[in-house]
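>
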Amino acid sequence: MRHTLPAWIERPLSALRPAGARARAATASERPEGVLLWIWDCSDGGARAALVARRVSARLPELQIALTYCTDLSGLTELPPETLCLPAPEDRPASVRLVLDAWRPAMILILGNRLPAALIAEANRRGIALALADAQFGTGVDAISGDRMIKLLARFERIYLRDDSSRSALERRLSSVPIAVSDGALSEPADPLPCSEAERSSMAEAIGARPVWLATSLPRAELDIILGAHRYAMRHAHRLLLVLVPDDSSEGADLARELSAQGWAVACRSQESEPQETTEIFVADDAQEYGLWYRLAPLSYMGGTLSGEAQGPRAPFEPAALGSAVLHGPHLGPARAQYIRLENAHACRGIRSASDLPDALADLIAPDRAAHLAHNAWLVSSGGAGAVETVAGGVAALLEGHIANGRT
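Counting from 1 along the sequence shown, just add 225 to a position and that's the residue number in my numbering.
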């Protein structure tokens, strides 16, 4: 005789647990009257949720919004009036049932790649509309993947993915849900670093048609690596110019003298101002001029990413926003999230070790190769505002449809 366990034993332990403290706290807050959108955001301090909330609210002024978060609210900006803003309830059946009973949302919008399975299942059982945005599917870092996730995604009414590769990968596995691309992550892009147009024009004239690459915030630990790669790449492009920004700008003049003593043709920003026709390395010892160098160099190596020793590493969205392709090592530092977004969009070149740099540099100084990366990087770094509008417009339209059909 085949023996089976009682059904209550076979159920996941989370299904047997009572509602948690966060769920009880959420239901203690008074729900505002009217149609409610619940935004679940578990990643970046609430910044993207606030952006979407404001844009949806601008389209539907009478809409009420509840925003729940899993991390601190360091990125949270201004929210629409009367927005409920609370820690996310525990993702287990009793907790989500308690909150859904109290809030009665017309729609739940989940942001990012972390899917709350219990909430999705219970909302779907109740016929509550589900939408997903700012997500990636496939093999990228932190992307959604796997059969279990496909089953969860099948319960959504609309899915907005960050990029075309995610959509292609998901459409091969899931045909029942409308899938759109929002062209980038949900963000409000920062203004590109400024520069004097007169300086840019003068420097561009001095450089002429020479190929240029930039090494940002270069620590001493990486100097020989960069020089070796530059020497190697000059075999392929003998007029190649390296613009070198030292990690410590006060060392610029000393570094220029040291490089000259090694036989390099060197000019220094604080002394000669502009490179000459024969200059091989230009020491740009003014950290306030990155906006100028990113505009002039089609390729930027992000200093410190091979050694992890830069004191003032630059963020890759800086060059990306100004059309300079990004080349980096394995030490991503505080800008890791930006590098991952660029990697997933095929918008930068990563190398594993110093020995990989010469060949990568020689490959990327070809104008068409750098231009392709730079274009993809620009889309990632500057596409956030358009992505917000795409998602907010789609969510508002879905809500209007549900309101018109009496499904709220």
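No residue lacks a Cβ here, since even glycine has one placed at the ideal position from N, Cα and C.
Output the distance between the C-alpha atoms of residue 304 and residue 279, rounded to the nearest integer angstrom.
So the alpha carbons of these two residues sit roughly 6 Å apart.
> Residues in its own chain within less than 8 Å of residue 405 by CB, not counting five upstream and five downstream?
So the qualifying residues of the chain are 383, 384, 385, 386, 392, 615 and 619.
> Check each candidate in 294, 459 and 562 and name the one with the smallest Cα separation from residue 591.
For the residues 294, 459 and 562, the minimum Cα distance to residue 591 belongs to 459.
> Does residue 401 get closer than 7 Å to chain D when you measure Cβ to Cβ?
Of the protein chains in this structure there is only one, and it is not chain D.
> What is the DSSP secondary structure of residue 527, reduced to helix, strand or coil?
Three-state DSSP puts residue 527 in a strand.
> Is the segment 238-257 touching the segment 267-277 in the sense that three or more CB pairs, one from each, lie closer than 8 Å?
No, the segment 267-277 is not in contact with the segment 238-257.
> So residue 383 is in the beta strand (DSSP E); what residue range does that whole segment cover?
Residue 383 -> beta strand (DSSP E) spans 383-386.
> Taking the alpha helix (DSSP H) that residue 563 falls in, what are its first and last residues?
Run containing residue 563: 561-569, per the alpha helix (DSSP H) assignment.
> Can you tell me where the beta strand (DSSP E) with residue 263 in it begins and where it stops?
Element bounds for residue 263: 261-266.
> Since I believe residue 552 is in contact with residue 585 (beta carbons under 8 Å), could you give me their beta-carbon distance rounded to a whole number of angstroms?
So it is a contact: roughly 6 Å between Cβ atoms.
> Pull up the distance between the alpha-carbon of residue 476 and that of residue 539, whole angstroms please.
The alpha-carbon atoms of residue 476 and residue 539 are separated by roughly 18 Å.
> Count the other C-beta atoms from every protein chain shown that fall within 10 angstroms of the C-beta of residue 331, then say buried if there are 16 or more, exposed otherwise.
When all chains shown are included, residue 331 counts as buried.
> Let me check understanding here. Comparing Cα to Cα, which of 529, 389, 462 and 456 lies closest to residue 441?
It is 529 whose Cα lies nearest to the Cα of residue 441.
> Relative to the C-alpha of residue 607, which residue among 254, 416 and 508 is closest?
Among 254, 416 and 508, the Cα nearest to that of residue 607 is on 416.
> How would you call residue 235, buried or exposed, if buried means at least 16 neighbouring beta carbons within 10 angstroms?
Any answer about residue 235 is weak, because its pLDDT of 45 lies below 50 and its placement is not dependable; what the coordinates show is given next. By the 10 Å Cβ count, residue 235 comes out exposed.
> Within a Cβ cutoff of 8 Å, which residues of the same chain sit near residue 226, ignoring the five residues on either side of it in sequence?
Reliability of the predicted coordinates at residue 226 is poor, the pLDDT of 42 falling under 50, and no value is obtained from them.
> Report yes or no: do the segment 331-345 and the segment 365-378 share at least 3 C-beta pairs separated by less than 8 Å?
With a cut-off of 8 Å, the segment 365-378 and the segment 331-345 count as touching, because enough Cβ pairs lie within range.
> Is it the case that the segment 519-527 contacts the segment 495-506, given that we only count it when at least three CB pairs across the two stretches are under 8 Å?
They do not touch, by the three-pair rule.
> Within the continuous alpha helix (DSSP H) that includes residue 592, where are the two ends?
Start and end: 592-607.
> Using CA atoms only, rank isn't needed, just tell me which of 381, 418 and 412 is closest to residue 400.
Checked all of 381, 418 and 412; the closest Cα to residue 400 is 381.
> For the alpha helix (DSSP H) that contains residue 451, what are its first and last residues?
From DSSP, the alpha helix (DSSP H) with residue 451 extends over 448-458.
> Can you tell me whether residue 314 is buried or exposed, with buried defined as 16 or more other CB within 10 angstroms of its CB?
It counts as buried.
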